[in-house]
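In what follows, a structure is listed as structure tokens, so that the remarks can point back to it.
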Amino acid sequence: MAEFLAADVLRSLGCGVAGLLFLAWALRVLNWAWWRPRRLERALRTQGLNGTAYRFPYGDLKENVLFSKEARAKPMPLAHNIIPRLLPFFHRVMDEYGKISFTWFGPVPQVTITDPELVREVLSNKFGHFGKPNQNPLARFFARGLAMYEGEKWVKHRRILNPAFHAEKLKRMLPAFSACCSDLMHRWENMAGSEACYELDVWPELQSFTGDVISRTAFGSSYKEGRPIFQLQAEQAELLIQVIQNLYVPGYR
């Protein structure tokens with residue numbers, strides 16, 4: 001009899017502990033997905049900032065993707081104002097809420113600043129108030145480097161990279177730059193031939209040109225030799241964009 005009572009007590013205790021753990025996890029998720037975003041939204045509006053209202057749980061992610069698809073489905077006008085094409089959602093938000101406004105990347109608010117002095121203050125980060133946002137853990141498999149680091153790790157990698165961008169080293173790269181430009185111009189001239197007018201999609205051409213410059217200056221080879229590597233990097237970039245555009249829920253995948 002005592003053994004059955006002990007088993008019942010242990011079972012009840014285990015169920016109670018499991019229930020408490022589940023409740024703690026649920027409260028943490030609720031705080032992450034609802035309470036904390038609402039507090040941050042009130043704080044931002046109290047400081048005089050305007051922006052979109054938080055929508056559980058995706059924020060403005062779906063609208064951002066939708067606006068981008070709509071913008072890229074239309075022909076691009078012959079104008080220098082490319083912001084409506086590249087960042088259509090943020091362009092609409094700035095038109096509606098002002099040059100300093102906020103949007104939502106899932107449950108995380110993003111403040112858009114266009115004032116150069118404020119941008120300089122943020123980028124200088126003298127007092128450590130402006131930390132870099134937490135990256136999607138899945139995205140860390142694709143993109144790591146100086147842009148992701150902070151503190152001593154950033155200082156160390158910046159010190160390693162600095163010599164590569166010294167003026168004298170850049171001057172020695174000028175012949176490679178010139179050769180890449182000449183190859184590009186010759187290729188375009190051959191495509192046009194004797195035609196007075198020739199329509200050309202310059203985007204893939206400029207991608208190849210950038211890859212050629214990187215290959216010659218960094219690795220001493222042409223873009224043709226390194227084409228498979230650049231294609232793999234392009235595929236990785238597409239996967240990274242897809243990952244970033246989706247809401248990351250810890251433990252979901």
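Here the sequence shown is numbered in full-length UniProt numbering, starting from 1 and rising by one per residue.
Quick reminder that beta carbons are idealized off the backbone N, C-alpha and C, glycines included.
Simplified DSSP assignment, three categories, for N162: helix
Beta-ladder partner(s) of T112, from DSSP: For T112, which the question treats as bridged, DSSP gives the partners S101.
Length of the line joining the Cα atoms of E235 and G16: 48 Å
Range of the contiguous alpha helix (DSSP H) that encloses L44: 36–46
Neighbour-count burial assignment, V202, 16 or more Cβ in a 10 Å radius: exposed
Buried/exposed call for R216, threshold 16 Cβ in 10 Å: Buried is the call here.
Beta carbon of F102 nearer than 8 Å to that of L20: no
Cβ-based burial, G220 [other Cβ within 10 Å; buried from 16]: With a threshold of 16 other beta carbon atoms within 10 Å, G220 falls short and is exposed.
Cα-Cα separation, R39 to P57: 15 Å
Cα-Cα separation between L123 and R158, rounded to whole angstroms: 15 Å
Whole-angstrom distance between Y198 and M148, CA atom to CA atom: 42 Å
Same chain, Cβ closer than 6 Å to D60, neighbours up to 5 away in sequence not counted: T52, T103, W104
Residue burial classification, D212 (beta-carbon count within 10 angstroms, cutoff 16): buried
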